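J.: The structure under discussion is supplied below as structure tokens; questions concerning it will follow.
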Amino acid sequence: MSSNHSPLVEKDKLIQELGYDDHFHEHHHGDKYQTNFLTTYIFSQDHKMIARQFLMTGIFWAVVGAAMSIIFRLQLGYPDADLSWLKPVLGKWITVNDAGIGRLEPEFYYALVTMHGTIIVFFVLTAGLSGTFSNLLIPLQIGARDMASPFLNMLSYWFFFLSSVVMFYSLFLNTGPFSGGWTAYPPLSALPQASIGSGAGMTLWTVSLVLFVVSVLLGGMNYITTILNLRTKGMSMWRMPLTVWAFLVTAILGLLSFPVLASGFFLMLFDRSLGTSFYLSDIFINGQALDRIGGSPILYQHIFWFLGHPEVYIIILPAMGIVSEVLSVHARKPIFGYRAMVYSILAIAFLSFIVWAHHMFMSGVNPFISNFFVVFTLIIAVPSAVKVFNWISTLYGGNIRLNTPMLFCIGFVSMFISGGLTGIFLGNSAIDIQQHDTYFVVAHFHIVMGVAAFFGMFAGVYNWFPKMFGRFMNETLGKIHFWITMIGAYAVFGPMHYLGMAGVPRRYYRFDNFDAFKDFTDMNKFITIAAIITFFAQLLFVVNFFWSMYKGRKMTEQNPYGSNSLEWTTPIETGHGNWPEKIPTVQRWAYDYGKDNKEFIQQHVPLAEGEEHSSH
Amino acid sequence: MASDQTLQAHQGHENESVWMGAKEPFKASYGKLMMWYFLLSDAFTFAGFLIAYGTLRFSSPTWPVPDFVFSSLPGGIHHKPLIFVTFMTFVLIVSSVTMVRAVQEGHRYNKKGVVFWMLMTIFGGLCFLGCQAWEWTTLIGGEKMSILKNPFGTHVESGVYLEGDGHDIKPGDSFHAHQTYLIHQHNGEWMPLKYKTEAGEIKQQQFGPKAFGALFFFITGFHGFHVLSGVVFLLIIMINVASGVYVQRRNHYEMVEKIGLYWHFVDLVWVFVFLVFYLL
Amino acid sequence: MAHLNYEEGKKVVFRGFVLLGIVTLLEVMVALVGKGYIIHGFHLPRFIMYSLMIGMSLYKAYFIIFEFMHMRYEVPGLVRSVLMPTMLLIWAIIAFFYEGNTWYHWRKNVNDRPILELSGGVSNSNNTHHESGSHDGKEMQQETPANLPVDSNAVEKHH
Chain A
1 MSSNHSPLVE
11 KDKLIQELGY
21 DDHFHEHHHG
31 DKYQTNFLTT
41 YIFSQDHKMI
51 ARQFLMTGIF
61 WAVVGAAMSI
71 IFRLQLGYPD
81 ADLSWLKPVL
91 GKWITVNDAG
101 IGRLEPEFYY
111 ALVTMHGTII
121 VFFVLTAGLS
131 GTFSNLLIPL
141 QIGARDMASP
151 FLNMLSYWFF
161 FLSSVVMFYS
171 LFLNTGPFSG
181 GWTAYPPLSA
191 LPQASIGSGA
201 GMTLWTVSLV
211 LFVVSVLLGG
221 MNYITTILNL
231 RTKGMSMWRM
241 PLTVWAFLVT
251 AILGLLSFPV
261 LASGFFLMLF
271 DRSLGTSFYL
281 SDIFINGQAL
291 DRIGGSPILY
301 QHIFWFLGHP
311 EVYIIILPAM
321 GIVSEVLSVH
331 ARKPIFGYRA
341 MVYSILAIAF
351 LSFIVWAHHM
361 FMSGVNPFIS
371 NFFVVFTLII
381 AVPSAVKVFN
391 WISTLYGGNI
401 RLNTPMLFCI
411 GFVSMFISGG
421 LTGIFLGNSA
431 IDIQQHDTYF
441 VVAHFHIVMG
451 VAAFFGMFAG
461 VYNWFPKMFG
471 RFMNETLGKI
481 HFWITMIGAY
491 AVFGPMHYLG
501 MAGVPRRYYR
511 FDNFDAFKDF
521 TDMNKFITIA
531 AIITFFAQLL
541 FVVNFFWSMY
551 KGRKMTEQNP
561 YGSNSLEWTT
571 PIETGHGNWP
581 EKIPTVQRWA
591 YDYGKDNKEF
601 IQQHVPLAEG
611 EEHSSH
Chain B
1001 MASDQTLQAH
1011 QGHENESVWM
1021 GAKEPFKASY
1031 GKLMMWYFLL
1041 SDAFTFAGFL
1051 IAYGTLRFSS
1061 PTWPVPDFVF
1071 SSLPGGIHHK
1081 PLIFVTFMTF
1091 VLIVSSVTMV
1101 RAVQEGHRYN
1111 KKGVVFWMLM
1121 TIFGGLCFLG
1131 CQAWEWTTLI
1141 GGEKMSILKN
1151 PFGTHVESGV
1161 YLEGDGHDIK
1171 PGDSFHAHQT
1181 YLIHQHNGEW
1191 MPLKYKTEAG
1201 EIKQQQFGPK
1211 AFGALFFFIT
1221 GFHGFHVLSG
1231 VVFLLIIMIN
1241 VASGVYVQRR
1251 NHYEMVEKIG
1261 LYWHFVDLVW
1271 VFVFLVFYLL
Chain C
2001 MAHLNYEEGK
2011 KVVFRGFVLL
2021 GIVTLLEVMV
2031 ALVGKGYIIH
2041 GFHLPRFIMY
2051 SLMIGMSLYK
2061 AYFIIFEFMH
2071 MRYEVPGLVR
2081 SVLMPTMLLI
2091 WAIIAFFYEG
2101 NTWYHWRKNV
2111 NDRPILELSG
2121 GVSNSNNTHH
2131 ESGSHDGKEM
2141 QQETPANLPV
2151 DSNAVEKHH
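From first to last, the protein sequence lines stand for chains A, B and C. According to the working numbering, the first sequence is numbered sequentially starting from 1. According to the working numbering, the second sequence is numbered sequentially starting from 1001. According to the working numbering, the third sequence is numbered sequentially starting from 2001.
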């Protein structure tokens, strides 16, 4: 064990008296795990370090993914602009003509769009969000020493890392990365000769994502068993913070949906490399019919979206959990409708498995079966609305601290409402005929699961940064970051609704040579400028993040926010095993704010005389 | 939903204190829980495959009758439908039974018993793999079925053959609708036979749905891969048992129990593979 | 874990072995009898045959999970947490198979089969085949051989 624990303060005495001795430190766990640089920082089995690894990798990918979006936004906003200055980065994907004007190759434009989606959806918002905060918060908030299996937890990160390396490598292929959209629909994905990125790029894409599935499964099994088996004394399921509930359900979703994706990918690999035709039928290439009959590309779409829809909730649920917790802490009020929040998470999780075909209304799904998918889809609005109203009710009458994490939480709620409303449009198969594959869809999912999930992530990072690094992030920079991002995100995606309503299709290389879309040139320019400004605001966050790691304001008290949950009972520099001696026992639920005229009562504080449990 | 259940369980079906923390609410160690949830996710992988199979089968106008396709036995015996695969199923059931015995001996801390029954299980697993190798060899080498070509076609109407294939069919043999046939190869050339339908039309045998062969080899192969990895893990764990590694552990022979769960799961998957490929 | 003593346990194992063996044999018998292999000319109705087979397979699965995998002796919470999620597959099966059936009906209406036929490996053309379910589209060529012959029983199979 490291010896730099802060001196015992009053609250630690409570742990000494009431805590629960698991004889953890009598064995030499700590020595085994953190003996040298390699075992402390690289192949660490400590959940807090693994969380930081996930976060760092996530930030790296977020910057890469966002930078890609800026490049293709430049193309869309200024199709005639000279991009030769990008040649040092993109190399042969920028062709410079005789007049010295550099143009982005259309093939690479598609590759950028594809990679942007893949990276942000899987690497940033799945691994970077749920991986980071599940690892950090589950053991700390349920009062566990570490994950159930620290070793598998480490493997989970390293499979993610391996998957990242493979995907990163594919960016530098001579034929470019995969370019058929992040959903990888066949035939572009199933036939290596279909497009330039469908060969080696697609192979690496598939390999990378199969490794990613392994990572998610290892992580998910660990989160579930940890939450079930390793809760500290008194931590019943109904006393867990909503973050932990969200991570639990997220892990269940991943465990059930990612294997199906894997089976879809295995069939895909066979189609690609061995000439089977699971996903292919009636295919013509260069006017030549292929001997690939009897399969169906829609089969892939079904399998993909059977994962794909739960994946959307894998992204948004952790953000919802984080927001619920942070909102309550900084509004100094118990979360409104705790049980309703839990039940709505469960309802959303259940529904997410039976609505997948609403992504495919226009790709030839039987219209009769579509009816069911429409109905199930629209039902999701109910638990989602329950959550939104509960967040708003939590804010109502609260003693709100408008610090950066809180701002991002409020931003999250705003984004979730705006994006959720357009979801109701798109869930109707009839309206979807008009909106399908237009910028309306792009705007919808970017706001509701892209920006909203990012806001949840930012709220989490700003809020738990002290727990991770012992220092605070800079508030001023944080607030600037928030306001630019908030306004910027609406400026980027708001106009897209209009474009989509007007029928502007997504994934087009340029619009100025279509008469119907010529009028939107200025709007596209506006979106591009807004995107660039928003992007630089994110760099502000990255600077803030790394600067604060070393130079930020030091954390001087254990519980800086006056928060109830158990992670703030650990020492400021939390060592391996989280609590230096005994584990605190839990006496109450996580949201006793403003009870009996006390601002907050931490979870390990026993009931005062005559006090009753808050009913929730 | 799984958590739905934890919830309900918590709300009163269970002893309240079980859920109050510092206890294992399911009275199972984290390792066993992980194995269960891993198997659950693996079940979804197989479900993905089998559902894909069903979907493609529904989308296909004909599908070969398994009783005709899987009717060979070692020693050049043909037209004994399903006998061989029934034997394979028995092998897997027996190996499952021996695995249960190994786990039971583990509960009694009988090291010798565990090793013996695990050895039997490994033997059963290898036997199954051997059978599968033979089955594949017959289909690929003998009947020339591959993931790309399925020579097992199905008649859509009754009729009379106009020529023979040198095996079972002679000119003048009649057949009825829904009957499955096999297109033979002579000197590496496919020889689809001509026949006359009841309506008097002259037609030629057609290849069966391509997806049949691809799905068969893919799914039984994926199952076989599970059996193989199961055998490898069984071997490792058996060696550990024999060398007394688990005696010192706090949870003793739980590892045997966990690999047992996996092994039974392989058997469980076979139940469904057997159902969809050989029975339906 | 087992709530049975050793001798009882052994008995259960033996019983399980016999039971699974018998059920497997029964399944095979249903398949063979039902499809007319044993008694010539005797066919079981498809619906009955398939229900029997699926029912017996589900019973086998139940037995393996509950006896061999010791699920019977686990606490109800664990049982439910493992088994309930598989219910999600019910809707998946319905929706996927319904889709497969739709593709089948749509494929009957595809009229450009001859182009596919050109590269269909072994050509087995030159026999006209009237597609009963298809629209007799004008562009449909006369010598159209259906690459995938339409099976009249397939329709029956799905309904």
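We treat Cβ as the ideally placed atom computed from N, Cα and C, and that holds for glycine. It should be emphasised that the depicted structure is a prediction, and the values quoted were computed from it without experimental measurement.
1) How would you list, in chain order, the residues of chain C whose beta-carbon sits under 9 Å from the beta-carbon of residue 1047(B)?
2) Rounded to whole angstroms, what is the Cα-Cα separation between residue 555(A) and residue 472(A)?
3) So residue 2107(C) contacts chain B; which residues on that side make the cut at Cβ distance below 8 Å?
4) Using the Cβ count rule (16 or more neighbours within 10 Å means buried), how would you classify residue 1032(B)?
5) Flag this pair as yes or no: are the beta carbons of residue 355(A) and residue 380(A) separated by less than 9 Å?
6) Please report the Cβ distance between residue 189(A) and residue 268(A), rounded to the nearest whole angstrom; I am assuming they are in contact, meaning their Cβ atoms lie under 8 Å.
7) Pick helix, strand or coil for residue 382(A), following the three-state DSSP scheme.
8) Just to confirm, are residue 1123(B) and residue 1095(B) a CB contact at a threshold of 9 Å?
9) Does the CB of residue 2024(C) have a neighbour CB from chain A at under 9 Å?
10) Applying the criterion that 16 or more other CB atoms from any shown protein chain within 10 Å of the CB defines a buried residue, is residue 1247(B) buried or exposed?
11) Between the Cα of residue 1121(B) and the Cα atoms of 1233(B), 1240(B), 1272(B) and 1251(B), which residue gives the shortest distance?
12) Give me whichever residues DSSP pairs with residue 103(A) in a beta bridge.
13) Which residues in chain C sit within 8 Å of residue 346(A), going by Cβ to Cβ distance?
14) Return no unless some Cβ of chain B is closer than 9 Å to the Cβ of residue 2042(C).
15) Can you pull out the residues from the region 16–28 of chain A whose beta carbon lies closer than 9 Å to at least one beta carbon of chain B?
16) Considering just the uninterrupted stretch of the beta strand (DSSP E) at residue 1182(B), what are its terminal residues?
17) I want to verify the contact list: residues of chain A whose CB lies under 7 Å from the CB of residue 1055(B), in sequence order.
18) Specify the secondary structure class of residue 1189(B) as computed by DSSP and reduced to three states.
19) In the structure shown, what three-state DSSP assignment does residue 16(A) receive?
20) Tell me which same chain residues have a C-beta within less than 6 Å of the C-beta of residue 416(A), skipping the five on either side of it?
21) With H, G and I counted as helix, E and B as strand and the rest as coil, what does DSSP make of residue 241(A)?
22) Can you tell me whether residue 274(A) is buried or exposed, with buried defined as 16 or more other CB within 10 angstroms of its CB?
23) Helix, strand or coil for residue 1260(B) per DSSP?
24) With DSSP collapsed to three states, give me the class of residue 1204(B).
25) Here's a check: name, in chain order, each residue in its chain whose Cβ is nearer than 8 Å to the Cβ of residue 1274(B), leaving out the five neighbours to either side.
26) Say whether chain C places a C-beta atom closer than 9 Å to the C-beta of residue 564(A).
27) Enumerate, from N- to C-terminal direction, the unbroken beta strand (DSSP E) stretches of 3 or more residues contained entirely within the region 1090–1156 of chain B.
28) Could you tell me the alpha carbon to alpha carbon distance between residue 1128(B) and residue 309(A), rounded to whole angstroms?
29) Chain B beta carbons: is any one of them nearer than 9 Å to that of residue 2047(C)?
30) Starting from residue 1159(B) and walking both ways along the beta strand (DSSP E), at which residues does that stretch end?
31) Closer than 8 Å between beta carbons: that is the criterion. Which residues of the region 251–276 of chain A meet it against chain C?
32) Can you pull out the residues from the region 352–386 of chain A whose beta carbon lies closer than 7 Å to at least one beta carbon of chain C?
33) Is the Cβ of residue 2008(C) closer than 9 Å to any Cβ of chain A?
34) Please determine, among 1201(B), 1210(B) and 1138(B), the residue with the shortest C-alpha to C-alpha distance to residue 1078(B).
35) Going by other Cβ atoms of all chains shown within 10 Å of its Cβ, with 16 needed for buried, is residue 49(A) buried or exposed?
T.: By the coordinates alone:
1) 2086, 2089, 2092 and 2093
2) 7 Å
3) 1059 and 1061
4) buried
5) yes
6) 6 Å
7) helix
8) yes
9) no
10) exposed
11) 1233(B)
12) 95(A)
13) Chain C residues near residue 346(A): none, gap ~12 Å exceeds 8 Å.
14) no
15) 20 and 22
16) 1180–1182
17) 299
18) strand
19) helix
20) 452
21) coil
22) exposed
23) helix
24) strand
25) 1085 and 1089
26) no
27) 1152–1154
28) 38 Å
29) no
30) 1159–1161
31) 252 and 256
32) 353, 354, 357, 365, 366 and 369
33) no
34) 1138(B)
35) buried
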